[in-house]
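Line order of the protein sequences matches chains F and U. Just so you know, we're using the numbering used here here: the first sequence kicks off at 206 and counts up by one. Just so you know, we're using the numbering used here here: the second sequence kicks off at 206 and counts up by one. Just so you know, even glycine gets a beta-carbon here, dropped at the ideal spot from N, CA and C. What you are looking at is a predicted structure, and each value in this text was computed from that prediction instead of being measured. I have placed the structure first, in the form of structure tokens, so that the comments after it can refer back to it.
Number of protein chains: 2
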Amino acid sequence: MSGGARGETEYLEAYRASDWPRPSVAVDLVVFTVLDTDLKVLVIRRKVHPFKDAWALPGGFVRVGDGAADRGEDIFAAAQRELAEETGLDPATMYLEQLYTFGAPHRDPRMRVISVAHYALVRPTLAPLVTAGTDAAAVRWRSVAAEADEPLAFDHAEILAHALDRVRGKLDYAPIAFELVPETFTVAELRSVYEAIKGTTYDAGNFRRRFKRMQTDGVIVQAPGKRTTGTKPARVYRFAPEAVAGVSGDDA
Amino acid sequence: MSGGARGETEYLEAYRASDWPRPSVAVDLVVFTVLDTDLKVLVIRRKVHPFKDAWALPGGFVRVGDGAADRGEDIFAAAQRELAEETGLDPATMYLEQLYTFGAPHRDPRMRVISVAHYALVRPTLAPLVTAGTDAAAVRWRSVAAEADEPLAFDHAEILAHALDRVRGKLDYAPIAFELVPETFTVAELRSVYEAIKGTTYDAGNFRRRFKRMQTDGVIVQAPGKRTTGTKPARVYRFAPEAVAGVSGDDA
DNA sequence: AGAATAGTGTCTATCAGACACTATGCA
DNA sequence: TGCATAGTGTCTGATAGACACTATTCT
Numbered sequence: 206m207s208g209g210a211r212g213e214t215e216y217l218e219a220y221r222a223s224d225w226p227r228p229s230v231a232v233d234l235v236v237f238t239v240l241d242t243d244l245k246v247l248v249i250r251r252k253v254h255p256f257k258d259a260w261a262l263p264g265g266f267v268r269v270g271d272g273a274a275d276r277g278e279d280i281f282a283a284a285q286r287e288l289a290e291e292t293g294l295d296p297a298t299m300y301l302e303q304l305y306t307f308g309a310p311h312r313d314p315r316m317r318v319i320s321v322a323h324y325a326l327v328r329p330t331l332a333p334l335v336t337a338g339t340d341a342a343a344v345r346w347r348s349v350a351a352e353a354d355e356p357l358a359f360d361h362a363e364i365l366a367h368a369l370d371r372v373r374g375k376l377d378y379a380p381i382a383f384e385l386v387p388e389t390f391t392v393a394e395l396r397s398v399y400e401a402i403k404g405t406t407y408d409a410g411n412f413r414r415r416f417k418r419m420q421t422d423g424v425i426v427q428a429p430g431k432r433t434t435g436t437k438p439a440r441v442y443r444f445a446p447e448a449v450a451g452v453s454g455d456d457a
Numbered sequence: 206m207s208g209g210a211r212g213e214t215e216y217l218e219a220y221r222a223s224d225w226p227r228p229s230v231a232v233d234l235v236v237f238t239v240l241d242t243d244l245k246v247l248v249i250r251r252k253v254h255p256f257k258d259a260w261a262l263p264g265g266f267v268r269v270g271d272g273a274a275d276r277g278e279d280i281f282a283a284a285q286r287e288l289a290e291e292t293g294l295d296p297a298t299m300y301l302e303q304l305y306t307f308g309a310p311h312r313d314p315r316m317r318v319i320s321v322a323h324y325a326l327v328r329p330t331l332a333p334l335v336t337a338g339t340d341a342a343a344v345r346w347r348s349v350a351a352e353a354d355e356p357l358a359f360d361h362a363e364i365l366a367h368a369l370d371r372v373r374g375k376l377d378y379a380p381i382a383f384e385l386v387p388e389t390f391t392v393a394e395l396r397s398v399y400e401a402i403k404g405t406t407y408d409a410g411n412f413r414r415r416f417k418r419m420q421t422d423g424v425i426v427q428a429p430g431k432r433t434t435g436t437k438p439a440r441v442y443r444f445a446p447e448a449v450a451g452v453s454g455d456d457a
């Protein structure tokens with residue numbers, strides 16, 4: 206900082222801006238997993254008003270410090286914290302990425318809330334371990350396909366639709382499907398994840414060819430052992446993240 | 206709303222949230238155009254602290270109303286308003302889309318500011334008409350290739366890098382190049398926009414083939430007249446937005 | 001032996017990159 | 001007439017969809 210006339214200008218500018226009304230800023234989370242070859246999203250039953258007892262996406266307010274010394278937490282850190290709180294899982298084990306920011310003036314009946322939505326991908330092996338956070342009466346993995354289900358609170362249906370678009374689009378050019386299978390997986394298992402996300406079927410032979418290309422590209426390597434599925438056992442593979450650029454999660 | 210015990214819970218919840226410190230929320234704009242076959246970004250010279258006299262991306266605070274009656278403006282509306290203020294152009298003539306939200310705790314030295322970055326595309330025919338807004342000492346179209354240029358204020362270099370990634374990626378699957386040519390254009394003109402954005406060259410013959418596919422798909426239609434360029438005149442075409450789904454701009 | 005899934009190979013259409021070639025208007 | 005750009009055509013390699021086929025294991 207500086208003093209004198211510059212300092213005065215600076216002070217006035219800071220005063221002006223901080224004197225205007227400010228919105229609350231939240232993060233909302235669209236947490237996906239694949240269970241029983243079906244794409245699921247994590248919903249919680251709200252304990253408090255508004256939308257008490259309704260299903261909603263997990264989320265919470267970004268911690269903003271008061272003043273110059275404490276500036277609060279980063280937005281991505283807030284999303285990680287909420288993800289941990291609302292699932293009981295270690296956020297380092299999940300893929301997390303910022304999605305879109307929703308800020309319609311009346312999206313929250315209480316007050317002006319701007320929500321930075323994120324989406325997360327949880328391995329099916331971890332999905333059954335989620336536990337309800339303190340602000341939730343219950344958590345549930347809800348099928349994304351279940352349109353006729355109970356409506357979601359706030360504008361969460363719109364946020365979910367956005368997240369679906371993003372994941373479906375990103376599936377074609379980014380290695381995100383690997384976040385939704387166990388550490389080791391078969392060709393058929395990876396295919397079923399693609400099918401669950403896209404909502405279509407993939408030809409088994411053609412998908413295998415694509416799979417093989419990823420193998421020759423070094424994205425996938427064979428893992429020891431086989432998976433027995435009641436019929437001919439299948440080879441298992443492992444994702445090789447070291448061969449892929451930009452797998453860090455949030456790209457900001 | 207409701208009364209009684211529910212009302213009390215509701216009140217307490219609202220009180221709690223609104224009593225916490227809140228951040229200022231801004232919109233920043235990455236405004237692109239193509240001039241002289243070069244991709245340019247609009248920068249302003251700051252009039253006030255912090256970063257006084259430095260180049261920065263245009264932007265401003267989102268107007269947030271005070272209380273239940275006035276809730277302020279929508280985020281997209283704020284971006285449109287800033288776009289109009291900072292360019293002097295009608296925002297309806299430009300493509301505008303939300304990009305990413307930046308909220309590192311110390312990205313603004315004054316206070317906690319969360320910025321919802323957007324990017325805009327301006328036709329080269331309109332680009333020379335931009336005028337500086339009230340908070341800018343000057344505006345300039347700056348080449349994005351000019352790495353060795355003066356640094357940008359705040360985290361605006363990072364925002365610009367994000368916007369470049371988005372535009373370059375989206376160019377391949379969305380009809381955004383049409384936002385950067387005049388109403389009617391030749392094959393070569395559209396190709397030079399692709400080249401300016403991607404920073405590479407395209408084979409003229411192959412690009413023409415791609416162009417023709419868009420024509421048979423109804424995305425492009427021939428327009429009357431020819432463009433004379435000092436040599437053999439070229440046919441001119443027009444974008445046919447009615448044939449393309451999802452050209453609305455912001456997709457929220 | 002039969003069912004079911006794992007795994008392979010082929011044909012075809014589409015599209016991109018490389019590149020040779022023709023057509024036309026202006027200096 | 002020559003040059004520069006407009007515009008056309010061809011060859012090749014990579015990939016996706018459709019689909020027929022073989023291989024292996026469990027019951």
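Out of curiosity, what's the CA-to-CA distance linking residue i and residue j?
i	j	result
proline 380/U	glycine 404/F	26 Å
serine 348/F	valine 253/F	24 Å
valine 441/U	threonine 433/U	10 Å
isoleucine 280/F	arginine 328/U	34 Å
isoleucine 249/F	leucine 326/F	17 Å
arginine 251/F	valine 335/F	16 Å
leucine 376/F	alanine 382/F	7 Å
aspartate 295/U	alanine 289/U	6 Å
phenylalanine 307/F	isoleucine 364/F	8 Å
arginine 315/U	phenylalanine 359/U	11 Å
proline 438/F	lysine 431/F	6 Å
proline 228/F	alanine 362/F	22 Å
alanine 368/U	threonine 298/F	29 Å
glutamine 285/F	leucine 301/F	8 Å
alanine 282/U	threonine 339/U	19 Å
arginine 268/U	tryptophan 346/F	37 Å
phenylalanine 152/F	threonine 330/U	This structure gives no information on residue 152/F, because the portion of chain F shown stretches from 206 to 457.
aspartate 224/F	aspartate 271/U	11 Å
leucine 304/F	glycine 265/U	22 Å
leucine 385/U	alanine 332/U	10 Å
Secondary structure at residue i, three-state DSSP: helix, strand or coil?
i	result
glutamate 290/F	helix
leucine 262/U	coil
alanine 513/U	Any answer about residue 513/U is impossible in this case: the structure gives chain U only from 206 up to 457.
glutamate 302/F	strand
phenylalanine 444/F	strand
alanine 439/U	strand
serine 207/U	Confidence in serine 207/U is poor, its pLDDT being 40 and thus under 50, which makes the residue's placement unreliable; the coordinate value appears in the next sentence. In this structure, serine 207/U counts as coil in the three-state DSSP scheme.
aspartate 233/F	strand
aspartate 275/F	coil
isoleucine 381/F	coil
alanine 337/U	coil
phenylalanine 390/U	strand
arginine 373/U	helix
aspartate 354/F	coil
alanine 322/F	strand
leucine 365/F	helix
aspartate 243/F	strand
phenylalanine 281/F	helix
threonine 330/U	coil
Sorted by chain position, which residues of the same chain lie with C-beta nearer than 6 Å to residue i's C-beta, five sequence neighbours on each side aside?
i	result
glycine 209/F	In this prediction, glycine 209/F scores a pLDDT of 44, lower than 50, which makes its location untrustworthy; no coordinate-derived value is stated.
glycine 435/U	none
proline 263/F	Leu234, Ile249, Glu291
glutamate 355/F	Trp260
threonine 242/U	Ser397, Ala401
alanine 457/U	A caution first: alanine 457/U carries a pLDDT of 46, below 50, which makes its placement in the model unreliable, though a value can still be read off. So no residue of the chain qualifies.
threonine 443/U	One point to set straight first is that residue 443/U is arginine, not threonine, in the sequence displayed. Result list for arginine 443/U: Thr389, Val426, Ala428, in chain order.
By Cβ distance below 8 Å, which residues in the same chain neighbour residue i in space, the five residues on each side in sequence not counted?
i	result
leucine 357/F	Val248, Ala259, Trp260, Ala261, Leu262, Leu365
glutamate 287/F	Val232, Leu234, Pro263, Gly264, Gly265
Please return the same chain residues whose Cβ sits closer than 7 Å to the Cβ of residue i, not counting the five positions on each side in sequence.
i	result
alanine 337/F	Ile249, Ala343, Val344
arginine 373/F	Ile402, Lys403
threonine 406/U	Glu400
leucine 240/F	Pro329, Ala332, Trp346
Point to revise | Runs of alpha helix (DSSP H) lying entirely within the stretch 394 to 434 of chain U, each at least 4 residues, in chain order | key: 409 to 421
Review point. Is the stretch 322 to 338 of chain F touching the stretch 226 to 237 of chain F in the sense that three or more CB pairs, one from each, lie closer than 8 Å?
Key: yes
Review point. Are three or more beta carbon pairs between the stretch 384 to 397 of chain U and the stretch 407 to 417 of chain U nearer than 8 Å?
Key: yes
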